[in-house]
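Numbering (the working numbering), first residue to last: 375 to 888. Beta carbons: idealized from backbone N, C-alpha and C, even for Gly. Encoded as structure tokens, the structure appears first; notes follow it.
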């Protein structure tokens with residue numbers, strides 16, 4: 375070989391070697407800087423500072439653009455910031471390049487499509503994940519969740535079973551999820567079997583606790599799924615100061631108190647039939663019968679008959695209920711009142727287990743006692759807010775009610791405003807407790823002297839309930855009512871207030887649901 379050619383080849387080899395040797399430290403330095411930026415980005419990401427994290431991840435990518443881990447966390451930061459288009463683009467590029475090593479990224483990408491309600495693309499993405507890594511139990515689980523969201527319950531069950539075959543450690547989760555599926559398709563007995571299997575595989579786990587709660591609720595769900603319902607209650611009670619009018623509301627009265635106590639028995643029977651059920655809407659018709667019987671025959675016992683129609687509609691974050699009822703009431707066998715009532719109610723389910731109930735009640739009351747009691751219309755607006763304390767079976771509540779009774783006479787016409795504070799909580803031995811304090815301010819249209827009658831009062835109540843068996847519930851109720859007015863007369867004593875009174879009511883009740 376020519377000596378000149380050999381010399382040129384040697385010089386070229388030496389030059390290339392020197393360039394490679396010089397480049398390696400630069401690349402190593404850039405890789406190290408990229409990792410430093412990545413670590414800074416992870417710290418910001420964990421602290422919820424996604425803007426800073428995204429900036430650090432971007433600098434890491436500039437140092438080492440081929441590192442898919444840097445790109446993956448950059449996509450996660452975009453997703454946390456709500457920029458799912460940018461996140462999805464990066465996720466797609468990663469799985470296109472490394473579908474096996476980064477198989478978990480398919481599930482992040484499918485999650486974006488599910489949140490966008492693009493179920494077809496989500497399903498295709500999960501199919502791609504399964505093709506990239508066959509026999510991946512997570513792919514089967516995710517496909518099961520997606521199928522359930524799409525109301526493909528048969529497909530969901532197939533995928534959940536497949537996941538359990540691939541990984542037996544998923545059995546408890548699978549049994550729980552299949553129990554939920556059977557609840558949705560109203561196969562209550564098989565749902566109960568699935569939940570029991572989930573509990574048996576680990577009674578102390580969070581999944582087992584959720585399964586136990588579901589088992590407690592299945593009886594009620596099974597009854598509610600029937601087209602007909604029948605609820606009956608029988609009780610005994612004592613009232614230390616019975617009203618003149620057996621239809622008077624506690625704390626609101628247009629007649630002086632009787633200052634007489636008596637015990638009485640109560641019976642109520644409520645039956646209704648579901649006429650129609652379509653998607654989230656139901657239409658029911660029913661009949662409510664009630665009876666109150668005083669032991670002292672001098673006091674008026676009352677009976678009520680009330681057919682009604684109820685239209686209900688449910689969405690994810692709220693439910694609505696519209697009820698019309700016709701009531702016919704009698705006292706000691708004499709016709710007392712006919713009533714038309716309309717009651718719309720909306721319940722909003724809010725974040726952090728908050729719940730708001732808004733209700734309106736309209737009543738048109740026609741008294742049938744030959745004009746002794748004036749006819750009236752009653753309108754009341756009610757708002758109640760409840761909040762469940764995280765990790766505790768305690769729900770504090772507050773509420774307000776504004777009501778207006780417009781009667782044919784001023785003495786029976788009034789407006790009132792109630793403010794309520796209460797709490798609902800779970801007590802030992804499976805007892806539920808509800809306690810409340812209600813302040814009542816009433817203004818009547820009738821004038822005494824130079825001013826209108828004004829009442830101030832309050833109510834204190836306590837309710838204890840205990841499920842005896844699945845369809846039987848026992849209740850103990852106590853109510854204290856105190857009322858004063860600005861009316862002063864000398865008919866019975868100097869500075870006598872005829873509307874001042876207090877009462878105690880104690881009631882024991884047993885309720886049976888069929």
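For residue 474, the number of other beta carbons within 10 angstroms of its own is below 16, and it is reported as exposed. Per DSSP, the unbroken alpha helix (DSSP H) holding residue 552 starts and ends at 545 to 558. In the three-state reduction of the DSSP assignment, residue 507 falls in the coil class, being assigned neither a helical nor a strand state.
With respect to the 8 Å criterion, residue 858 and residue 829 are classified as neighbours on the basis of their beta carbons.
Boundaries of the alpha helix (DSSP H) harbouring residue 580: 580 to 598, taken from the DSSP string. Under the three-state reduction of DSSP output, residue 689 falls in the coil class, being neither helix nor strand. Distance from the Cα of residue 561 is smallest, within the candidate group 527, 640 and 507, for 527. Taking 8 Å as the cut-off, the beta carbon of residue 736 is found closer than this to the beta carbon of residue 716.
With three or more CB-CB distances shorter than 8 Å, the segment 682 to 690 counts as touching the segment 649 to 662. Around the beta carbon of residue 468, 16 or more other beta carbons sit within 10 angstroms, so the residue counts as buried. With distances taken between CA atoms, residue 555 lies nearest to 521 out of 407, 583, 612 and 521. Beta-bridge partners assigned by DSSP to residue 724: 728. Contact between the segment 695 to 713 and the segment 734 to 750 is present: three or more C-beta pairs spanning the two stretches fall below 8 Å.
Across the structure, residue 543 and residue 572 are spaced so that their CA atoms are roughly 12 Å apart.
Beta-bridge partners of residue 444 (DSSP): none assigned. Judged by DSSP secondary structure, residue 786 falls outside any alpha helix (DSSP H); it is assigned neither H nor E. Here residue 466 carries a helix assignment [DSSP, helix/strand/coil]. A residue is called buried once 16 or more other Cβ atoms fall within 10 Å of its Cβ, and residue 580, having fewer, is exposed. Put simply, the backbone Cα of residue 519 is about 7 Å away from that of residue 530. A contact is defined here as three or more CB-CB pairs under 8 Å, and the segment 454 to 469 fails this definition with respect to the segment 429 to 440.
The beta carbon of residue 451 lies closer than 7 Å to those of 419, 424, 427, 428 and 431 in the same chain, with the five residues before and after it left out.
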